[in-house]
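Numbers -22 to -1, 1 to 287, taken from mature numbering (1 follows the signal peptide of the UniProt record, and there is no 0), label the letters of the sequence shown in order.
For reference, the structure discussed in these notes is given below.
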Amino acid sequence: MKIRLSICAATCAAFVTTIAMSAETQPRMDFAPLKSDAAVAEGRSMISDGERAVDTIAIQSLMSRHEFMHAAGRNLEELDNYWVRSDGKFAATATFGSPAWVMYGLDVIRNAYGMKSRGDAEAALDKLSAIDPKVGKVPANFGAGAEWVMHTSTTPVIEIAGDGKTAQGAWYSPGIGVMPLYQDGKIHLQSMMFFEKYGGDFVKEDGVWKIWHLQMAYDFVPGLPDTMVAQLNAQLGDLALGKPLKALGGEAGERSDFKLPPGFRKPLYSYPAYSPQRAAVIWPNLPRPYYTFGETYNNCNCEQELPHW
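Below you can see the structure in the form of structure tokens.
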């Protein structure tokens, strides 16, 4: 997912339990065996198999909603409807991370992932309407002129906590993007592919599953040749730039050496993109059976203080 950065201040929580992770250059891969309910429960009351099945489907659907909303550029609507409540006790510890940064706190995520994305889409519509009067600057045309980036959520590994209060998931997330570039009053389309993974933590808030932590890990993000979008460029007619531009490739702003905006944190582990020199890495960690959140991983990939349940 291509994220552009903006500046915002993070909120904080008062009553917290600390989960600390030390900085490291290698992930602590955990090939945890599957466990029986009795082994997970250790005498504690467990949710039923039926509850677990329903919750597993709900988590997969929630992650799919994230993908659909992002593809439509509706990041703000996604945050307002499918992430933890802005006035709830999990808002201050919500995170959205990549190999280069962690947006910390729902306010930060809303500004950087939500408002900045909305502003980029509105600016793209301004550019398009200026050279194509048929496309007016009206709300109904939101998304016109902007990039189209879609991901899928495949090979899900989902675990529901034994107490039914939280859940974790890991997914491969292949996708594709088409990006309009504006130059000299013309448009040139370029495209790229995404081979990445997601790790997520989810919490049941007011009886409804919500996104709490998401992190991305990029394996391979190649730019595609212009022939992939040659038909689309030809359909632009007089609006087409008509000459090739430097090929895209890699996640914008992900691996460059930039100063983190306020509210952003460095991840404890920065997942490396594929190279022949990269050792085999499973990251994010695959969810393992657990009873309560303090007994498992934290997909924040950062040092974090968590609210009491």
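Just so you know, even glycine gets a beta-carbon here, dropped at the ideal spot from N, CA and C.
For clarity, every value in this text was computed on a predicted model and none was experimentally measured.
**Item:** Distance CB(residue 62)-CB(residue 183) smaller than 7 angstroms
**Value:** yes
**Prompt:** Does the Cβ of residue 166 have 16 or more other Cβ atoms within 10 Å, making it buried, or fewer, making it exposed?
**Reply:** buried
**Message:** When you compare the CB positions of residue 131 and residue 45, do they come within less than 7 angstroms of one another, or not?
**Reply:** yes
**Request:** Measure how close the beta-carbons of residue 245 and residue 279 come, nearest whole angstrom, since I'm counting them as under 8 angstroms.
**Result:** 5 angstroms
**Asked** Would a C-beta distance cut-off of 7 angstroms place residue 261 and residue 195 closer than the cut-off?
**Response** yes
**Cα-Cα separation between residue 283 and residue 213, rounded to whole angstroms** = 52 angstroms
**Message:** Between the alpha carbons of residue 12 and residue 75, how many angstroms are there, rounded?
**Reply:** 27 angstroms
**Prompt:** What separation, rounded to the nearest whole angstrom, lies between the Cα atoms of residue 81 and residue 52?
**Reply:** 18 angstroms
**Asked** In chain order, what residues of the same chain have a beta carbon less than 7 angstroms from the beta carbon of residue 119, not counting five sequence neighbours either side?
**Response** 103, 113
**Message:** Determine whether the beta carbon atoms of residue 37 and residue 147 lie at a separation below 7 angstroms.
**Reply:** yes
**Asked** Among residues of its own chain, excluding the 5 on either side of residue 210, which ones have a beta-carbon nearer than 8 angstroms to its beta-carbon?
**Response** 156, 167
**Asked** CA-CA distance, residue -2 and residue 25?
**Response** Here the model assigns residue -2 a pLDDT of 39, short of 50, so the residue's position is not dependable, and the following value carries that caveat. In a straight line, the C-alpha of residue -2 is about 29 angstroms away from that of residue 25.
**Message:** Please report the distance separating the alpha-carbon of residue 215 from that of residue 264.
**Reply:** 48 angstroms
**Request:** Please check the pair residue 49 and residue 126, which I expect to be a contact at CB under 8 angstroms, by giving their CB distance rounded to whole angstroms.
**Result:** 7 angstroms
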